[in-house]
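Visitor: Right, I'll just put the structure down here and ask away after.
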Amino acid sequence: MTLAALALGLALAQHPAEPAPAAHEAAPAVHQEAAAPAAHEGAPAEPAGRAAAAEHGGAEGHEHGEHSLPEVMMHHVANGYELEFPAFCDGKFQWACKVDLRELTGGWGVTIAGTKIDLTPTKHLVMLWAGALLLLAAMLFATSKRSIVPRGLYNFFEMLVQFVRDIAIANIGKADADRFTPYLCTAFFFILFVNLLGLIPFMATATANVSVTVALALFTFVITQYAAIKAQGIGGYLKHLTGGVPPSLAWLWPIMIPVEFLGLFTKPFALTVRLFANMVAGHFVILALLGLIFSISIFVAPVSVALALAIFMLELFVAFVQAYIFTMLSALFIGAGLVHHDDHGHAEHEHGEDPHASHVAGKAPGHG
Amino acid sequence: MNSLSLGYLGAGLGAGLAVIGAGMGIGRLAASAMEGSARQPTAAGDIRTSMIIAAALIEGVSLFAVVVCLLLAISK
Numbered sequence: 058m059t060l061a062a063l064a065l066g067l068a069l070a071q072h073p074a075e076p077a078p079a080a081h082e083a084a085p086a087v088h089q090e091a092a093a094p095a096a097h098e099g100a101p102a103e104p105a106g107r108a109a110a111a112e113h114g115g116a117e118g119h120e121h122g123e124h125s126l127p128e129v130m131m132h133h134v135a136n137g138y139e140l141e142f143p144a145f146c147d148g149k150f151q152w153a154c155k156v157d158l159r160e161l162t163g164g165w166g167v168t169i170a171g172t173k174i175d176l177t178p179t180k181h182l183v184m185l186w187a188g189a190l191l192l193l194a195a196m197l198f199a200t201s202k203r204s205i206v207p208r209g210l211y212n213f214f215e216m217l218v219q220f221v222r223d224i225a226i227a228n229i230g231k232a233d234a235d236r237f238t239p240y241l242c243t244a245f246f247f248i249l250f251v252n253l254l255g256l257i258p259f260m261a262t263a264t265a266n267v268s269v270t271v272a273l274a275l276f277t278f279v280i281t282q283y284a285a286i287k288a289q290g291i292g293g294y295l296k297h298l299t300g301g302v303p304p305s306l307a308w309l310w311p312i313m314i315p316v317e318f319l320g321l322f323t324k325p326f327a328l329t330v331r332l333f334a335n336m337v338a339g340h341f342v343i344l345a346l347l348g349l350i351f352s353i354s355i356f357v358a359p360v361s362v363a364l365a366l367a368i369f370m371l372e373l374f375v376a377f378v379q380a381y382i383f384t385m386l387s388a389l390f391i392g393a394g395l396v397h398h399d400d401h402g403h404a405e406h407e408h409g410e411d412p413h414a415s416h417v418a419g420k421a422p423g424h425g
Numbered sequence: 318m319n320s321l322s323l324g325y326l327g328a329g330l331g332a333g334l335a336v337i338g339a340g341m342g343i344g345r346l347a348a349s350a351m352e353g354s355a356r357q358p359t360a361a362g363d364i365r366t367s368m369i370i371a372a373a374l375i376e377g378v379s380l381f382a383v384v385v386c387l388l389l390a391i392s393k
């Protein structure tokens, strides 16, 4: 399952935004502000915020030479070729040691038919790999001690896998749920891990990159169409593209078919933008709030850090919810494509998610 | 009043309008969810799950507008 995630990671050709110039003081300051709300809560947030801001108080991120607040914000959210983390480099401890991936790897590229495609690892790609490896390690560790009565980490993951399987059963139907549960589990856990990885200081959210979310939505799209073709046959699938207009009104088809064809792509597009925008918006708001400390004055720091902490908690919640929504909508789309699979297995499932059942079962008579 | 400043103005206004839409939508959603839970407390768990799903979908729509505003705001 995670091999799919690794393949996804390796297949991304990134065109990152222009990286900001090196060793900007506001960058580690903003990082430290982000670390401060993560590490402290409530009352200690004020002295921590003030201490961190005072330590870098000399660095006015706003209009300091070449850097403005929007540039710093874009540098933190967008993709780039540089990794930054606290380490010992240049002989002393620095908050943001830079590792340039272009120099580290020497530039990976491939030339297809005369066009040079740049496959050099970028920050978000490294985060995808980290998420996939973390997920693989967590799963292998959890399943290493199996027993009849699950316990510990294995129990926790089994609970989550059952949760995803219930989503599959509710939306796809008992008969086919087990075929698609592996993909839905992959999607759920991978998106969850990558979202949460972005909340750790000095890490980046790979799903805040539209290429990543497009690839994930593309996977759902391919599996949805594959499931629909397999269930309805090519003829039935093409018949659905006419949108229920019978052959007697065939002159309507040149209008219906292009519209229906484009309509196939609206759902993956919505999946893409929803995940991307949720992840980007959370980070942007936190960075903007913390940037206010530099733009206005240091005395807004208590309010700023408190609000940023609240948004951080919300972002934690949104990470889970967006993974769940992506998985649930994928299951819904797959189930909707399978609706003409011989019997009405949806009628017999006893799950509480009745709105989905009636939506799908109600469609069946209408499609004659 | 060149096109860049008009773009920034549009970005700000657009984000505000998008938030109005999302706030109204999710507010109505929360109101009916509360009312439904009050009428039938045993269904509160299912209502809460459906409420969260619907809230995420409504917020997704408003974030389409936010993406457009971001594109306007970061353009040069």
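Residue numbers (our numbering), protein chains in the order written: chain A, 58 to 425; chain B, 318 to 393.
Glycine is no exception: its CB is placed at the ideal position from the N, C-alpha and C atoms.
Could you please tell me which residues of the region 318-344 of chain A, in chain order, have their CB closer than 8 Å to any CB of chain B?
Guide: From the region 318-344 of chain A, only A327, V330, R331, F333, A334, N335, V337, A338, F341 have a Cβ closer than 8 Å to chain B.
Visitor: If you draw a straight line from the alpha carbon of T172(A) to that of L158(A), how long is it in whole angstroms?
Guide: Start at 1 with the first residue of the first sequence, and residue 172(A) comes out as number 115. Start at 1 with the first residue of the first sequence, and residue 158(A) comes out as number 101. Roughly 22 Å separates the two Cα atoms.
Visitor: Any residues in the region 196-221 of chain A with a beta carbon nearer than 7 Å to a beta carbon of chain B? Which ones, in chain order?
Guide: Under the 7 Å Cβ criterion, the region 196-221 of chain A contributes no residue.
Visitor: Below 7 Å between beta carbons is the criterion; list the residues of the region 247-267 of chain A that meet it against any residue of chain B, in chain order.
Guide: For the region 247-267 of chain A, which is checked against every Cβ of chain B, not one residue is closer than 7 Å.
Visitor: In chain A, what lies closer than 8 Å to L380(B) by C-beta?
Guide: Locating residue 380(B) in the second sequence gives position 63, counting from the first residue. The answer, in chain order, is V330, R331, A334, N335, A338.
Visitor: Chain B partners of I382(A), CB-CB under 8 Å?
Guide: Within the first sequence, residue 382(A) is the residue found at index 325, counting from 1. Chain B residues near I382(A): I370, A373, L374, G377.
Visitor: Tell me which residue opens and which closes the beta strand (DSSP E) that Q357(B) is part of.
Guide: Along the second sequence, read from residue 1 onward, the residue named residue 357(B) stands at position 40. Taken as a continuous stretch (DSSP letters only), Q357(B) belongs to no beta strand (DSSP E), as it is neither H nor E.
Visitor: Check the DSSP bridge columns for C146(A) and list the partner residues they point to.
Guide: In the first sequence, residue 146(A) corresponds to position 89, counting from 1. Per DSSP, K149(A).
Visitor: Quick check on M131(A) - is its C-beta less than 9 Å from some C-beta in chain B?
Guide: Within the first sequence, numbered from 1, the residue matching residue 131(A) stands at position 74. Chain B, which has a Cβ nearer than 9 Å to the Cβ of M131(A), makes this yes.
Visitor: Would you mind telling me which residues of chain A sit closer than 8 Å to I391(B), beta carbon to beta carbon, in chain order?
Guide: What you label residue 391(B) is simply residue 74 of the second sequence in a count that begins at 1. Going along chain A in sequence order, the residues near I391(B) (Cβ under 8 Å) are P127, M131.
Visitor: Give me the DSSP bridge partner(s) of E139(A).
Guide: On the first sequence, position 82 is the one that residue 139(A) refers to. Paired residue(s): D157(A).
Visitor: In this structure, does DSSP put G163(A) in helix, strand or coil?
Guide: Your numbering for residue 163(A) matches position 106 in the first sequence. Coil, per DSSP.
Visitor: Give the residues of chain A in contact with V384(B), contact being defined as C-beta atoms less than 7 Å apart.
Guide: Numbered from 1 along the second sequence, position 67 holds the residue referred to as residue 384(B). Chain A residues near V384(B): V330, A334.
Visitor: Would G386(B) be called buried (16 or more neighbouring beta carbons within 10 Å of its own) or exposed?
Guide: On the second sequence, residue 386(B) is found 69 positions in, with the first residue counted as 1. Correcting the residue type first, residue 386(B) is Cys in the shown sequence and not Gly. Classification of C386(B): buried, given that the 10 Å Cβ count is 16 or more.
Visitor: Do you know how far the Cα of W152(A) is from the Cα of F390(A)?
Guide: Taking the first residue of the first sequence as position 1, residue 390(A) is located at position 333. Taking the first residue of the first sequence as position 1, residue 152(A) is located at position 95. Answer to the nearest angstrom: the Cα atoms are 45 Å apart.
Visitor: Any Cβ of chain B within less than 9 Å of the Cβ of H416(A)?
Guide: Here the question's residue 416(A) lines up with position 359 in the first sequence. Since pLDDT at H416(A) reaches only 42, below the 50 mark, its modelled position is unreliable, and no value is offered.
Visitor: If H133(A) sits next to L344(A), beta carbons under 8 Å apart, how far is it from one beta carbon to the other, in whole angstroms?
Guide: Sequence index remark: in the first sequence, residue 133(A) carries index 76 (1-based). Sequence index remark: in the first sequence, residue 344(A) carries index 287 (1-based). At roughly 6 Å, the Cβ-Cβ gap stays under 8 Å, so H133(A) and L344(A) are in contact.
Visitor: Skipping 5 residues on each side, what residues in its chain have a beta carbon closer than 7 Å to that of S387(A)?
Guide: Indexing the first sequence from 1 puts residue 387(A) at position 330. Contacts found: L241, A244, T277.
Visitor: So, T1(A) versus L332(A), is the Cβ gap smaller than 9 Å?
Guide: Because chain A here runs from 58 to 425, residue 1(A) falls outside it and cannot be looked at.
Visitor: What are the boundary residues of the beta strand (DSSP E) that K173(A) is part of?
Guide: As a working mapping, residue 173(A) is identified with position 116 in the first sequence. 172-175 is the span of the beta strand (DSSP E), which, as asked, contains K173(A).
Visitor: Where does L334(B) sit, in a helix, a strand or coil, going by DSSP?
Guide: Within the second sequence, the letter at position 17 stands for residue 334(B). It is helical.
Visitor: Within 10 angstroms of the Cβ of F341(A), are there 16 or more other Cβ atoms? Answer buried if so, exposed if not.
Guide: The residue you call residue 341(A) lines up with position 284 of the first sequence. Burial call: buried.
Visitor: Counting only the same chain and skipping the five closest in sequence on each side, list residues whose C-beta sits under 6 Å from that of A284(A).
Guide: Numbered from 1 along the first sequence, position 227 holds the residue referred to as residue 284(A). Answer for A284(A): I391, G394, L395, listed in chain order.
Visitor: May I ask you to list the residues that DSSP assigns as paired with T168(A)?
Guide: Looking up residue 168(A) in the first sequence gives position 111. Bridge partners of T168(A): K173(A).
Visitor: Here's the rule: buried if 16 or more other CB atoms are within 10 angstroms of the residue's CB, otherwise exposed. What is D235(A)?
Guide: Looking up residue 235(A) in the first sequence gives position 178. So D235(A) counts as exposed.
Visitor: Just checking: is the beta-carbon of L326(B) within a distance shorter than 9 Å of some beta-carbon in chain A?
Guide: Here residue 326(B) corresponds to residue number 9 of the second sequence, with the count starting at 1. It does not; no Cβ of chain A falls within 9 Å.
Visitor: Just how far apart, CA to CA, sit M370(A) and K287(A)?
Guide: One-based indexing of the first sequence puts residue 370(A) at position 313. One-based indexing of the first sequence puts residue 287(A) at position 230. The alpha-carbon atoms of M370(A) and K287(A) are separated by roughly 43 Å.
Visitor: Is the Cβ-Cβ distance between L254(A) and M196(A) less than 9 Å?
Guide: Within the first sequence, numbered from 1, the residue matching residue 254(A) stands at position 197. Within the first sequence, numbered from 1, the residue matching residue 196(A) stands at position 139. Cβ distance not < 9 Å, so L254(A) and M196(A) don't count as in contact.
Visitor: Out of V206(A), F214(A), T177(A), point me to the one whose CA is closest to L193(A)'s CA.
Guide: Residue numbering aside, residue 193(A) sits at position 136 when the first sequence is read from its first letter. The candidate whose alpha carbon is nearest that of L193(A) is F214(A).
Visitor: Can a CB atom of chain A be found closer than 9 Å to the CB of L334(B)?
Guide: As a working note, residue 334(B) is residue 17 in the second sequence. Cβ-Cβ to chain A under 9 Å: no for L334(B).
Visitor: What in chain B is Cβ-close to V378(A), meaning under 7 Å?
Guide: In the first sequence, residue 378(A) corresponds to position 321, counting from 1. Here the neighbours are I369, A373.
Visitor: Rounded to whole angstroms, what's the CA-CA distance from A232(A) to F246(A)? Just pull it up for me.
Guide: Taking the first residue of the first sequence as 1, we reach residue 232(A) at position 175. Taking the first residue of the first sequence as 1, we reach residue 246(A) at position 189. Those two C-alpha atoms are separated by around 23 Å.
Visitor: Interface residues of chain B around M385(A) at Cβ under 8 Å?
Guide: In the first sequence, the residue the question calls residue 385(A) occupies position 328. The answer, in chain order, is I370.
Visitor: Between the C-alpha atoms of I343(B) and A350(B), what's the straight-line distance to the nearest angstrom?
Guide: Counted from its first residue, the second sequence places residue 343(B) at position 26. Counted from its first residue, the second sequence places residue 350(B) at position 33. Roughly 10 Å separates the two Cα atoms.
Visitor: Going by alpha carbons, who is nearest to Y138(A) out of M313(A), D147(A), L161(A)?
Guide: One-based indexing of the first sequence puts residue 138(A) at position 81. The shortest C-alpha separation from Y138(A) is found at L161(A).
Visitor: Considering only C-alpha positions, which residue in the set I314(A), A263(A), F250(A) is nearest to F377(A)?
Guide: The sequence position of residue 377(A) within the first sequence is 320, counting from 1. Answer by Cα proximity: F250(A).
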